[in-house]
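Add 5 to the 1-based position in the sequence shown for the numbering used here, that's all there is to it.
Ideal Cβ placement from N, Cα and C applies to all residues, glycine included.
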Amino acid sequence: MRSARNPALAASGGRGRAAGRPPTCGSTAQARRPPGTSGSRRCSFIRVATSVKKADGKRAVGTNLGNKHPAYAKLMQGETFRGMAVLFGKPHVTEYVPIKDASGQVLGILYVGIDISSEVAALKARIKSLKVGETGYFFVMDSKPGDTFGTFLVHPETEGQKGLERRDVEGREYINEILKTGAGTLHVTPQDAQGVPERERIFVYQTNKDWNWTISGVAFVDEVTQEVTSMRNKLLAIGVLALLGFAAALVFIVRHVVTKPLRLATDAAQRLAHGDLTVKLTPASQDEIGQLMNAMNGISHGLAGVVATIRDGTEQVATASAQIAAGNQDLSSRTEHQAGSLEETASSMEELTATVRQNADNAREANDLASSASSVAVKGGDVVAQVVSTMGEINESSKKIVDIIGVIDSIAFQTNILALNAAVEAARAGEQGRGFAVVASEVRSLAHRSAEAAREIKALIGDSVDKVETGSKLVGMAGQTMNDVVASVRKVTDIMGDIMAATQEQSVGIDEVNQAIVSMDKVTQQNAALVEEASAAAQSMQEMAATLAQSVSVFKLDGARGGKPVALLGRD
6 MRSARNPALA ASGGRGRAAG RPPTCGSTAQ ARRPPGTSGS RRCSFIRVAT SVKKADGKRA
66 VGTNLGNKHP AYAKLMQGET FRGMAVLFGK PHVTEYVPIK DASGQVLGIL YVGIDISSEV
126 AALKARIKSL KVGETGYFFV MDSKPGDTFG TFLVHPETEG QKGLERRDVE GREYINEILK
186 TGAGTLHVTP QDAQGVPERE RIFVYQTNKD WNWTISGVAF VDEVTQEVTS MRNKLLAIGV
246 LALLGFAAAL VFIVRHVVTK PLRLATDAAQ RLAHGDLTVK LTPASQDEIG QLMNAMNGIS
306 HGLAGVVATI RDGTEQVATA SAQIAAGNQD LSSRTEHQAG SLEETASSME ELTATVRQNA
366 DNAREANDLA SSASSVAVKG GDVVAQVVST MGEINESSKK IVDIIGVIDS IAFQTNILAL
426 NAAVEAARAG EQGRGFAVVA SEVRSLAHRS AEAAREIKAL IGDSVDKVET GSKLVGMAGQ
486 TMNDVVASVR KVTDIMGDIM AATQEQSVGI DEVNQAIVSM DKVTQQNAAL VEEASAAAQS
546 MQEMAATLAQ SVSVFKLDGA RGGKPVALLG RD
């Protein structure tokens, strides 16, 4: 059995042929008995004519086609074998056709094969060069039952070694599991010879039954999840900060919308209980708190009418002092209210300043995250580009296989011509060539069937090439999509930069507002001093009306005794 590139064989119309004589068994019946049948010896075929050469360069005439050969079982059953076989250490794409007599007994075999050693070597080198992530890789194992079962045919470190005894941290023989299942995905944490756990990894594998190869890709989990874990931790930190900010804002709103109005209403009720009829409540809404304020206003208004009747006798003196006191108390109330508002505004501005600065920090961090996401998207685009390149190489390899099938079809055609010539020569020989004519007819029939099979294989390979081209186009579309994602992420990065700049400008504006509030506080302090002077002037007038005021002393109608005569309540 010789390489398809042997010139002498090409001239005779063959690419590697061998003729086998009848099996070396005790009888013809034993020759048909399949391997392993009890009560009989295993049959074998001896090469009597072949172009295949052994390792020493001699033709393999007289060598045995062992019963462990992948074609043996089918040949013994009278069936044709097509597939890959290793002959004298070299891989071949082969076809074995049994030669049978009129009764169907197997007498010998015809063989056609092509040496694909260089193609297999190139394929192995290509598999070795493939990477998954940064350090992931591909490997190939022998899945054919026998002595080489579980041997690494392609591996970056342990090629040629067996891996059946390799275990993970749970004691599971994961290589055995991969070979038994044939296809799937497996998460494994292997351990070395000393039992020390290694990096966790993911195996994705598929078995090619025609070649008895189990091909697997290995990806390390820490490389796959590294970027995702980092992004998750950063987003969790941002979420916690945002939650704290929301809680602080909620407390601030509750204090200003509910707590403060209730506190002011309580103060006003206590003042009314002590006879201070100058309380005036201004509700901002008509909810429960607003209705309470209106009721207190009604009480104050009714009591004020009673006191007004008593005041008629002291109108001349009380009017002057009341006007001065009312104006003084009004100014005092406004001044104090303004001071309180300024304090609250200053506190709110401090909180707002802190919030804006925090937002600036968050915007800066989000900008960094967007930049990181852009880098990740660019890397994803590079990976898709590599996949496109790999699909193209697979497409080229498929086209080469189509060419090889075409060569096999040519061989079958030439064999048919030779068989036809042999039949003509047998006819010329007359009675002596009749037996040879029968054999030539059978050979011609076999050549015709080989040509039909080659055309079917060529059609299947052509369909596979079309599907590979379709896959290449889809991967190209995926690459374009990744480019769009990269562009979108870059736009997000630019927007985050604009947000960060706007936040910094807001921080500067808030600082200027703080300075204005400080100036307003100084003016308010000056107004408070003027109010104290006005209070002293009103005191002298109130002494003149002291006698008359004894009758209504229970009511606080001026600012000398009752503190703030007016309270303006509303929702901030």
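CA nearest to the CA of Val473, picked from Leu423, Ala365, Ser403: For the purposes of this step, residue 473 is taken as residue 468 along the sequence shown, with counting starting at 1. When each option's Cα is compared against that of Val473, the closest is Ser403.
First and last residue of the beta strand (DSSP E) that includes Lys105? Here residue 105 refers to the residue found at position 100 of the sequence shown. Looking at the DSSP string, the run of the beta strand (DSSP E) that includes Lys105 is 95-105.
Between Met85 and Glu100, what straight-line distance do the alpha-carbon atoms span, to the nearest angstrom? Along the sequence shown, one-based indexing puts residue 85 at 80. Along the sequence shown, one-based indexing puts residue 100 at 95. Just to set this straight, residue 85 is Thr in the shown sequence, not Met. Spanning the two alpha carbons is a distance of roughly 7 Å.
Let me see if you follow: with CB-CB separation under 9 Å, is Thr156 close to chain C or not? The structure shown contains no chain C; it is built from a single protein chain.
Judging by CA-CA distance, which residue of Lys405, Asn400, Ile410, Glu447 is the nearest neighbour of Ile422? Position 417 of the sequence shown, counting from 1, holds the residue named residue 422. With distances taken between Cα atoms, Ile422 lies closest to Glu447.
Count the other CB atoms within 10 Å of the CB of Asn364; is the residue buried (16 or more) or exposed (fewer)? In the sequence shown, residue 364 corresponds to position 359, counting from 1. Asn364 is buried by the Cβ-count criterion.
From Ile504 to Gly514, what does the alpha carbon distance come to, in whole angstroms? As a first step, residue 504 must be located in the sequence shown, where it is residue number 499. As a first step, residue 514 must be located in the sequence shown, where it is residue number 509. Going by the C-alpha atoms only, they are around 15 Å apart.
Which residues mark the beginning and the end of the beta strand (DSSP E) in which Ile207 is found? Translated into positions along the sequence shown, residue 207 becomes position 202. Run containing Ile207: 206-213, per the beta strand (DSSP E) assignment.
Do you know offhand how far Leu169's Cα is from Lys59's? The residue labelled residue 169 in the question sits at position 164 within the sequence shown. The residue labelled residue 59 in the question sits at position 54 within the sequence shown. Taking the straight line joining both Cα atoms gives about 31 Å.
Residue environment, Ser394, which counts as buried when at least 16 other CB atoms sit within 10 Å: The count along the sequence shown starts at 1 and reaches residue 394 at position 389. Exposed, since its Cβ has fewer than 16 Cβ neighbours within 10 Å.
Per the DSSP calculation, Phe224 is bridged to which residue(s)? For the purposes of this step, residue 224 is identified with residue 219 of the sequence shown, where counting begins at 1. It should be pointed out that residue 224 corresponds to Ala in this sequence rather than to Phe. According to DSSP, Ala224 bridges with Ile207.
Cβ separation of Pro96 and Ser56, assumed to be a contact under 8 Å, to the nearest whole Å: As a position in the sequence shown, residue 96 is number 91, starting the count at 1. As a position in the sequence shown, residue 56 is number 51, starting the count at 1. Going by Cβ atoms, the distance from Pro96 to Ser56 rounds to 17 Å, so no, they are not a contact pair.
Bounding residues of the alpha helix (DSSP H) (the contiguous stretch that carries Thr190): Within the sequence shown, the letter at position 185 stands for residue 190. It is not in any alpha helix (DSSP H) - Thr190 instead sits in the beta strand (DSSP E) that spans 188-193.
Hey, Arg87 and Ala428: beta-carbon distance below 9 Å or not? If you number the sequence shown from 1, residue 87 lands on position 82. If you number the sequence shown from 1, residue 428 lands on position 423. Result no, Cβ atoms of Arg87 and Ala428 do not sit closer than 9 Å.
For Gln343, I'd like the list of residues in its chain whose CB is within less than 7 Å of its CB, leaving aside the five on either flank, ordered along the chain. Numbered from 1 along the sequence shown, position 338 holds the residue referred to as residue 343. So the list reads Thr529, once near-sequence residues are dropped.
Checking the sheet assignment: what are the DSSP bridge partners for Lys79? Locating residue 79 in the sequence shown gives position 74, where the first residue counts as 1. The partner list for Lys79 (beta bridge, DSSP) is empty, contrary to what the question assumes.
To the nearest angstrom, report how far apart Thr350 and Gly481 are at their CA atoms. Stepping through the sequence shown from its first residue, residue 350 is reached at position 345. Stepping through the sequence shown from its first residue, residue 481 is reached at position 476. Whole-angstrom Cα-Cα distance: 60 Å.
May I have the straight-line CA-CA distance separating Ile150 from Ala424, to the nearest angstrom? Residue 150 sits at position 145 when you count from the first residue of the sequence shown. Residue 424 sits at position 419 when you count from the first residue of the sequence shown. Note that residue 150 is Pro in the sequence shown here, rather than Ile. Roughly 39 Å between the two C-alpha positions.
Whole runs of the alpha helix (DSSP H) within the segment 404-436, excluding any shorter than 4 residues: none
Given a threshold of 16 other Cβ atoms within 10 Å of its Cβ, counted over all protein chains shown, does Ser108 qualify as buried or as exposed? Working through the sequence shown from its first residue, we reach residue 108 at position 103. So Ser108 counts as exposed.
Look up Trp218 in the DSSP assignment and give the residues it is bridged to. By one-based count along the sequence shown, residue 218 stands at place 213. BP columns for Trp218 point to Asp147, Asn213.
Who pairs with Val137 in a beta bridge, going by DSSP? One-based indexing of the sequence shown puts residue 137 at position 132. Answer is Gly141, bridged to Val137.
Using the DSSP secondary-structure output, state which residues sit across from Lys167 in a beta bridge. Counting from one through the sequence shown, the residue named residue 167 turns up at place 162. Lys167 is bridged to Thr156.
For Ile207 and Phe225, the rounded distance between their alpha carbons: As a working mapping, residue 225 is identified with position 220 in the sequence shown. As a working mapping, residue 207 is identified with position 202 in the sequence shown. Cα to Cα, Phe225 sits roughly 6 Å from Ile207.
Quick check on the DSSP output: the alpha helix (DSSP H) that includes Arg52 runs from which residue to which? By one-based count along the sequence shown, residue 52 stands at place 47. That residue, Arg52, is in no alpha helix (DSSP H); its beta strand (DSSP E) goes 50-55.
Do Val111 and Gly83 have their beta-carbon atoms positioned less than 9 Å apart in this structure? Indexing the sequence shown from 1 puts residue 83 at position 78. Indexing the sequence shown from 1 puts residue 111 at position 106. Yes; because the gap between Cβ atoms is below 9 Å, this pair is in contact.
Whether or not the segment 352-368 and the segment 510-527 are in contact is what I'm after, with contact meaning three or more pairs of Cβ atoms, one per stretch, closer than 8 Å; do they touch? yes
Mapping the DSSP letters down to three states, classify Phe294 as helix, strand or coil. On the sequence shown, position 289 is the one that residue 294 refers to. This sequence places Ile at residue 294; Phe is not what is there. Helix, per DSSP.
How many whole angstroms separate the CB atoms of Lys463 and Val407, which I take to be in contact at a CB cut-off of 8 Å? Indexing the sequence shown from 1 puts residue 463 at position 458. Indexing the sequence shown from 1 puts residue 407 at position 402. At roughly 6 Å, the Cβ-Cβ gap stays under 8 Å, so Lys463 and Val407 are in contact.
Taking only three categories from DSSP, how would you classify Gly113? Position 108 of the sequence shown, counted from the start, is the residue given in the question as residue 113. Here Gly113 sits in strand by DSSP.
Does Val284 pass the burial test, meaning 16 or more other C-beta atoms within 10 Å, or should it be called exposed? Here residue 284 refers to the residue found at position 279 of the sequence shown. It is buried - the Cβ of Val284 has at least 16 other Cβ atoms within 10 Å.
Of the choices Gly397, Ala456, Ser235, Gly141, whose alpha-carbon is the least far from that of Glu476? For this step, residue 476 is matched to residue 471 along the sequence shown. The sequence shown places Gly at residue 476, not Glu. Of the listed residues, the one whose Cα sits closest to Gly476 is Gly397.
Option nearest Glu401 by Cα separation, candidates Asp471, Gln419, Ser338: One-based indexing of the sequence shown puts residue 401 at position 396. If we check each option's Cα against that of Glu401, Asp471 comes out closest.
How should Ile304 be labelled, buried or exposed, when 16 other C-beta atoms within 10 angstroms of its C-beta is the threshold for buried? What you label residue 304 is simply residue 299 of the sequence shown in a count that begins at 1. It is exposed - the Cβ of Ile304 has fewer than 16 other Cβ atoms within 10 Å.
Taking buried to mean at least 16 other C-beta atoms within 10 Å of its own C-beta, is Ile500 buried or exposed? Taking the first residue of the sequence shown as 1, we reach residue 500 at position 495. So Ile500 counts as exposed.
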